[in-house]
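The opening residue of the sequence shown carries number 6 in the numbering used here; numbering runs sequentially from there.
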Amino acid sequence: MTTENLEEWLTQYETDILFPDVSGLEHFDMLLTRSRLADHKDDLDAGQRERLIQADLLLVRYAAKFMQSIDAVADLASWRDESNATPDHWWWYLDVLVSVPDYLAIGS
6 MTTENLEEWL TQYETDILFP DVSGLEHFDM LLTRSRLADH KDDLDAGQRE
56 RLIQADLLLV RYAAKFMQSI DAVADLASWR DESNATPDHW WWYLDVLVSV
106 PDYLAIGS
């Protein structure tokens, strides 16, 4: 893993977040990219960490839109199981996040 890989992954994640209406299969790749970033979070510099936080906030804000695309092609719980995602990889739990009442959601 190199600094270039981290920057590439982060840029890809930031770009993917901007398009919640694309194919749910593309969102699967986005979730995998987010997991790679999490696995190397200690290698991110301060600016990259801030960019990641901002992208994560958008993912949470548009979780319902992402879930519409994902639900059209697959079951997120199955993807989560296949990826062995733990709760600290919260992005694999968008289906759970969208069921949180609006008044409890971040950024409302």
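Ideal Cβ placement from N, Cα and C applies to all residues, glycine included.
This one's a predicted model, so the numbers in the text were calculated from it and none came from an experiment.
In this structure, Q53 sits near L15, with a CB-CB distance shorter than 7 Å. Between Y18 and R39, the CB-CB gap stays under 7 Å.
Looking from the CA of A79, the closest CA among E12, H94 and D100 belongs to D100. By the Cβ test, the stretch 44 to 58 is not in contact with the stretch 23 to 32, since fewer than three Cβ pairs between them sit closer than 8 Å. According to the DSSP assignment, W95 belongs to no alpha helix (DSSP H), since it is labelled neither H nor E. Taking a 10 Å sphere around the C-beta of D21, we find 16 or more other C-beta atoms and assign the residue as buried. For the pair D47 and S74, the Cα-to-Cα distance works out to about 31 Å.
The closest CA to that of W96, considering only E12, E9, L49 and D34, is found on D34. Cα atoms of D44 and A69: separation of roughly 25 Å, rounded to the nearest angstrom.
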